[in-house]
Amino acid sequence: MGGLAIYPGLAGCDGDMTLNATDATTVLGEIQPGGETPGDIVRGAEEMAGARPSRKVLLGFVPISVLLVGFFLAPLMVMVLYSLWTMEGFNVVPHWTLVNYVRFFTAGMYTAILLKTAAISLLVTILALLFGYPFAYFLVRYVNKKWQILLLVLVIIPFWTSYLLRVYAWMGILGRKGVINQFLMVIGLVRQPLEFLLYNNFSVTLVFLYLYLPFAIITLYASLEKFDFNQINAAMDLGATPWRAFVEIMLPQTKQGVITAFLFIFIPMLGEYITPKLVGGTDGTMMANLIVNLFRGFQFPAGSAVALSIAVLITLILIVFRRYLRVEELY
Amino acid sequence: MSGKKISRREFMRLTAGAGLGLVGASTLAAGCGGPATSAPPPTSAPPPTSAAPVTKGSFNWMTWSDHYFPDQLAEAASQYGIKVTPTLFSDNSEAFLKVQQVGGKQVDLVSGDALWVSKYYQEGLIEGFDLDTLATAKNLFDVVKQFDFWQADGKYLAFPFGYSPVLVAYNPKYVTSAPDSWAALWEPKYKGKIAMELQPFDVMAMMGKSLGIKDAYNMTPDQIKQAQQQLITLKPNILKFVEQNTELVTLMTDESIWFATVNVGMEDRVKDAGGPEVRTFVPKEGVVGWMDGEMLVKGAANRGPAWGWLDKMETPEWIAKNFLEYGRPLFNKAAYDLLVKQGYEDRAKRYLFDRPEIVLSMTLKGPSANMDLYINAFNEALAK
């Protein structure tokens, strides 16, 4: 497979902007050990891509197909059916109706909470990007490789403990007798514990930021690591301000990482349930909390309709941003 | 690349066929025998018996956290070879829903409240038994063995455990004039100082009670609207809805809240946790209340060990300890007598341990006929 030798050169085009036309001609025009030209190899690859895969190869896809159909598609279909049926007492009965969807779109409470959920998710996502980008930038540009790994491990260490424990820990930090209030009282800065720290939208936002910041950092790190910082120097040599160099050179080239981080944070947050329940108070209610109440109250059709409507919304977001979802290129 | 080749189109057709088959099967399950669409199918388990033979082994128990102690589980395992796997739930509707989904294959014993018990039976989810065949049943108060709403077809439907009116607790340090009405909770000066358990039906019922509605679990649509309006007005004063009542103890202990709807015994639980003095009152408009018991799930796969737990471990000693730990009264007369002997008579009487008949005068917890209206009203109030 000597033909693979062309790839390092092509990779250089992607990451090394100093590659000139002569270099490219040399690389692409090189005769490979097997006597094949790069053109032959490309054509061969195209033929392979167009070939009919063997039964053996296709069999390899059976487990994942069964998994997806059995554990994703089939339950989803059940949800779809439930959303179109009605409830009689404690049982779902197959009386077809759209009333569950009509109620979702006409009852102001769902749209109000959905907008609030989206607003909190958006705020947290933007904050995570604002905190995560400088951190990843600092890490990639100014920290040597050995320390980078250590710092990245520190970033992901919280994932080694349970999500629930981490949220409970914040209750211990922000509570009336929590670390912050105790400290402020000991140093005499306040006489009474600060009430606004817990059980409101502030605490929900803060805890979400803590929970999702690592996703932003890791994704942005992967994107920034491929960036050639000489371009910044070159831009500044040519008179660009640091801000202009960032906006016109670095941000466009790391845009994919930013959007991927956005999706990695924003989408799961739309379905968050535990955090608002534990640290949110009555003001911190989010969409998933209402859905859980519906299921608890045996309103399976209504709960299914609301949950599916959210799923459709997420799908629409993914469709809009689909061209940025080339995760394999990111890493 | 040897082997018979198939085209991608053929592959897609194959997998789509398999997929549609599975989806079809699931659809069929949803429509014809899915867990939430009908009563559980009949099982091959023996019909309701007077008693299941006590056997060693494991069983699954869906319950509340205050129905057992870890030490008690350890003793059951070491002395009787009964290994208990408890699963916690927050309210009756959640437990009912889960038992409806999985039945006796995954749950052997389930705890439930008052009128929910008969609902379980009507839906074919539990089976009755002869109470007197349990050795520990002789320890119960006599009145407890005669609750007609817990009997059907000549059988008892649940092994009685505990009871309590849902009272209102307050911190006298901040609530200086002793309240006697639900109205106290609506005073603007108590903004963000109230917590309640996240039990939508019960919260709505309490709102109904505050309006003087008698049958608070079966309110009419108009009454539900009024109750919803009550909740919306009260919402600024509610700090949060908690999942377990242990969190109420925490919140009262650190004085995050000054009011809470609680079971009997909160005063001592807060005190034991190092918190301030807490008092309770029964609102003059009336209260809801609960009484709970353990039910044998129909077709329970491990009924022997489950029965063994009730027969061997619901002893006066453990029940008395449970009372001292959690405060609310229990239906066990022998445990009451033991507490009296141990010098806890005053506490036991203060917390109504000697008055199990009080449950007959409470508005008991139960499922409503208008569940959708209750839940929608609760959700709407939350969203306001």
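Chains F and S are the protein sequences, given in the same order.
Quick note: the working numbering has the first sequence finishing at residue 370, numbered continuously throughout.
Quick note: the working numbering has the second sequence finishing at residue 1261, numbered continuously throughout.
Beta carbons: idealized from backbone N, C-alpha and C, even for Gly.
task: Take the Cβ of F:Ala335 as the centre, count every other Cβ of all protein chains shown within 10 Å, and call the residue buried at 16 or more, exposed below.
output: Within the first sequence, numbered from 1, the residue matching residue 335 of chain F stands at position 296. Sequence inspection shows Arg at residue 335 of chain F; the Ala mentioned does not correspond to that position. F:Arg335 should be labelled buried.
message: Measuring alpha carbon to alpha carbon, tell me which residue in F:Ile152, F:Ile103 and F:Ile349 is nearest F:Thr324.
response: What you label residue 324 of chain F is simply residue 285 of the first sequence in a count that begins at 1. When each option's Cα is compared against that of F:Thr324, the closest is F:Ile152.
task: Just the C-alpha distance for S:Gln1103 and S:Asn1247, rounded to the nearest angstrom, thanks.
output: As a working note, residue 1103 of chain S is residue 226 in the second sequence. As a working note, residue 1247 of chain S is residue 370 in the second sequence. Approximately 14 Å between the Cα atoms of the pair.
- prompt: Cα separation between S:Ser995 and F:Val101?
  reply: Taking the second sequence and counting its residues from 1, the one referred to as residue 995 of chain S is at position 118. Taking the first sequence and counting its residues from 1, the one referred to as residue 101 of chain F is at position 62. If I take the Cα positions, the gap works out to 47 Å.
task: Compute the Euclidean distance between the alpha carbons of F:Gly128 and F:Phe222, then round it to the nearest angstrom.
output: Looking up residue 128 of chain F in the first sequence gives position 89. Looking up residue 222 of chain F in the first sequence gives position 183. Straight-line Cα distance between these residues: approximately 53 Å.
- prompt: Three or more C-beta pairs closer than 8 Å, one from the region 1164 to 1179 of chain S and one from the region 930 to 948 of chain S: is that the case here?
  reply: yes
field: Simplified DSSP state of F:Gln71, which is helix, strand or coil
entry: As a first step, residue 71 of chain F must be located in the first sequence, where it is residue number 32. Residue placement at F:Gln71 cannot be trusted, given a pLDDT of 46 that sits under 50; the coordinates are not used to answer.
message: Within 10 Å of its beta-carbon, does F:His134 have 16 or more other beta-carbons around it, so buried, or fewer, so exposed?
response: What you label residue 134 of chain F is simply residue 95 of the first sequence in a count that begins at 1. When all chains shown are included, F:His134 counts as exposed.
query: What are the boundary residues of the alpha helix (DSSP H) that includes F:Lys185?
result: Along the first sequence, one-based indexing puts residue 185 of chain F at 146. Lys184 to Ile195 is the extent of the alpha helix (DSSP H) around F:Lys185.
Beta-carbon gap between S:Glu840 and S:Pro1098 smaller than 9 Å: Since the first residue of chain S shown is 878 and the last is 1261, residue 840 of chain S is not available in this structure.
Backbone secondary structure at S:Val1165 - three-state DSSP: Locating residue 1165 of chain S in the second sequence gives position 288, where the first residue counts as 1. Correct three-state label for S:Val1165: strand.
field: C-beta atoms of S:Val1174 and S:Ile959 nearer than 9 Å
entry: Sequence index remark: in the second sequence, residue 1174 of chain S carries index 297 (1-based). Sequence index remark: in the second sequence, residue 959 of chain S carries index 82 (1-based). For S:Val1174 and S:Ile959, no; Cβs fall outside 9 Å.
- prompt: Of all the CB atoms in chain S, is at least one closer than 9 Å to the CB of F:Tyr172?
  reply: Here residue 172 of chain F refers to the residue found at position 133 when the first sequence is read from its first residue. Closer than 9 Å: no.
query: For S:Pro1233, which of S:Ala1014, S:Ser942, S:Ala1046 and S:Val1020 has the nearest alpha-carbon?
result: Numbered from 1 along the second sequence, position 356 holds the residue referred to as residue 1233 of chain S. Of the candidates S:Ala1014, S:Ser942, S:Ala1046 and S:Val1020, the one whose C-alpha sits nearest the C-alpha of S:Pro1233 is S:Val1020.
message: Please tell me whether S:Ala1014 and S:Ser988 are closer than 9 Å, where the distance is taken between their beta carbons.
response: Along the second sequence, one-based indexing puts residue 1014 of chain S at 137. Along the second sequence, one-based indexing puts residue 988 of chain S at 111. It is not a contact, given that the beta carbons lie outside the stated cut-off.
message: Within the continuous alpha helix (DSSP H) that includes F:Trp135, where are the two ends?
response: Counting from 1 along the first sequence, the entry for residue 135 of chain F is found at position 96. Taken as a continuous stretch (DSSP letters only), F:Trp135 belongs to no alpha helix (DSSP H), as it is neither H nor E.
field: Cβ-based neighbour list, S:Glu1171, same chain, cut-off 7 Å, excluding 5 preceding and 5 following
entry: Residue mapping note: residue 1171 of chain S aligns to position 294 of the second sequence, counting from 1. Excluding sequence neighbours, S:Glu1171 sits near Leu986, Ser988, Ala1035, Phe1036, Phe1038 and Leu1187.
- prompt: When the distance is taken between beta carbons, is S:Ala1072 closer than 9 Å to S:Lys1117?
  reply: Counting from one through the second sequence, the residue named residue 1117 of chain S turns up at place 240. Counting from one through the second sequence, the residue named residue 1072 of chain S turns up at place 195. Against a cut-off of 9 Å, the Cβ pair of S:Ala1072 and S:Lys1117 comes out as a contact.
- request: Inspect the CB distances between the region 249 to 268 of chain F and the region 1084 to 1100 of chain S and report whether three or more fall short of 8 Å.
  value: no
message: Using a Cβ-Cβ distance cut-off of 9 Å, determine whether F:Glu234 contacts chain S.
response: On the first sequence, residue 234 of chain F is found 195 positions in, with the first residue counted as 1. Yes - at least one Cβ of chain S is within 9 Å of the one on F:Glu234.
Interface residues of chain S facing F:Asn332 [CB-CB closer than 8 Å]: One-based indexing of the first sequence puts residue 332 of chain F at position 293. Within 8 Å Cβ-Cβ: Pro1077, Ile1252, Phe1255, Asn1256 and Leu1259.
Buried versus exposed, by CB contacts within 10 Å (16 or more), S:Glu1191: By one-based count along the second sequence, residue 1191 of chain S stands at place 314. Counting Cβ neighbours within 10 Å, S:Glu1191 comes out buried, since at least 16 surround it.
query: Hey, is S:Gly1243's beta-carbon within less than 9 Å of any beta-carbon in chain F?
result: Along the second sequence, read from residue 1 onward, the residue named residue 1243 of chain S stands at position 366. Taking Cβ atoms only, chain F never reaches closer than 9 Å to S:Gly1243, which makes this a no.
field: S:Thr1138 classed as buried or exposed, judged by whether at least 16 other C-beta atoms fall within 10 angstroms
entry: Looking up residue 1138 of chain S in the second sequence gives position 261. By the 10 Å Cβ count, S:Thr1138 comes out buried.
field: Three-state class that DSSP yields for S:Ala1254 in the structure shown
entry: Mapped onto the second sequence, residue 1254 of chain S falls at position 377. In the structure shown, S:Ala1254 sits in a helix (DSSP, three-state: H, G or I).
- request: Please determine, among F:Leu302, F:Leu245, F:Leu123 and F:Glu264, the residue with the shortest C-alpha to C-alpha distance to F:Pro315.
  value: Translated into positions along the first sequence, residue 315 of chain F becomes position 276. Among F:Leu302, F:Leu245, F:Leu123 and F:Glu264, the Cα nearest to that of F:Pro315 belongs to F:Leu245.
query: For F:Leu168 and chain S, any beta-carbon pair shorter than 9 Å?
result: Position 129 of the first sequence, counting from 1, holds the residue named residue 168 of chain F. No, because no Cβ of chain S sits closer than 9 Å to the Cβ of F:Leu168.
message: Contact between the region 155 to 170 of chain F and the region 292 to 306 of chain F is defined here as three or more beta-carbon pairs at a separation below 8 Å; is this criterion met?
response: yes
task: With 7 Å as the limit, tell me which residues of the region 1000 to 1013 of chain S have their beta carbon closer than that to any beta carbon of chain F; keep them in chain order.
output: Glu1000
query: Is the shortest distance between the beta-carbon of F:Gly336 and the beta-carbons of chain S less than 9 Å?
result: Here residue 336 of chain F is taken as the residue at index 297 of the first sequence, counted from 1. Yes - at least one Cβ of chain S is within 9 Å of the one on F:Gly336.
- prompt: In chain F, which residues lie less than 8 Å from S:Leu974 when you measure between Cβ atoms?
  reply: As a working note, residue 974 of chain S is residue 97 in the second sequence. Within 8 Å Cβ-Cβ: Phe334, Arg335 and Phe337.
task: Using DSSP bridges, identify the partner residues of S:Val987.
output: On the second sequence, residue 987 of chain S is found 110 positions in, with the first residue counted as 1. In DSSP, S:Val987 forms a bridge with S:Met939 and S:Met1172.
query: So with Cβ pairs under 9 Å, would you call F:Thr244 a contact of chain S?
result: By one-based count along the first sequence, residue 244 of chain F stands at place 205. By this cut-off, F:Thr244 is not an interface position.
- prompt: Applying the criterion that 16 or more other CB atoms from any shown protein chain within 10 Å of the CB defines a buried residue, is F:Leu189 buried or exposed?
  reply: Translated into the one-based positions of the first sequence, residue 189 of chain F becomes position 150. Its Cβ having fewer than 16 others within 10 Å, F:Leu189 is exposed.
message: With a threshold of 8 Å, are at least 3 pairs of Cβ atoms found where one atom belongs to the region 209 to 224 of chain F and the other to the region 191 to 201 of chain F?
response: Taking 8 Å as the limit for Cβ pairs, the verdict is that the region 191 to 201 of chain F does not touch the region 209 to 224 of chain F.
field: chain S contact for F:Leu357 (CB, 9 Å cutoff)
entry: As a working mapping, residue 357 of chain F is identified with position 318 in the first sequence. Chain S contact via Cβ: absent.
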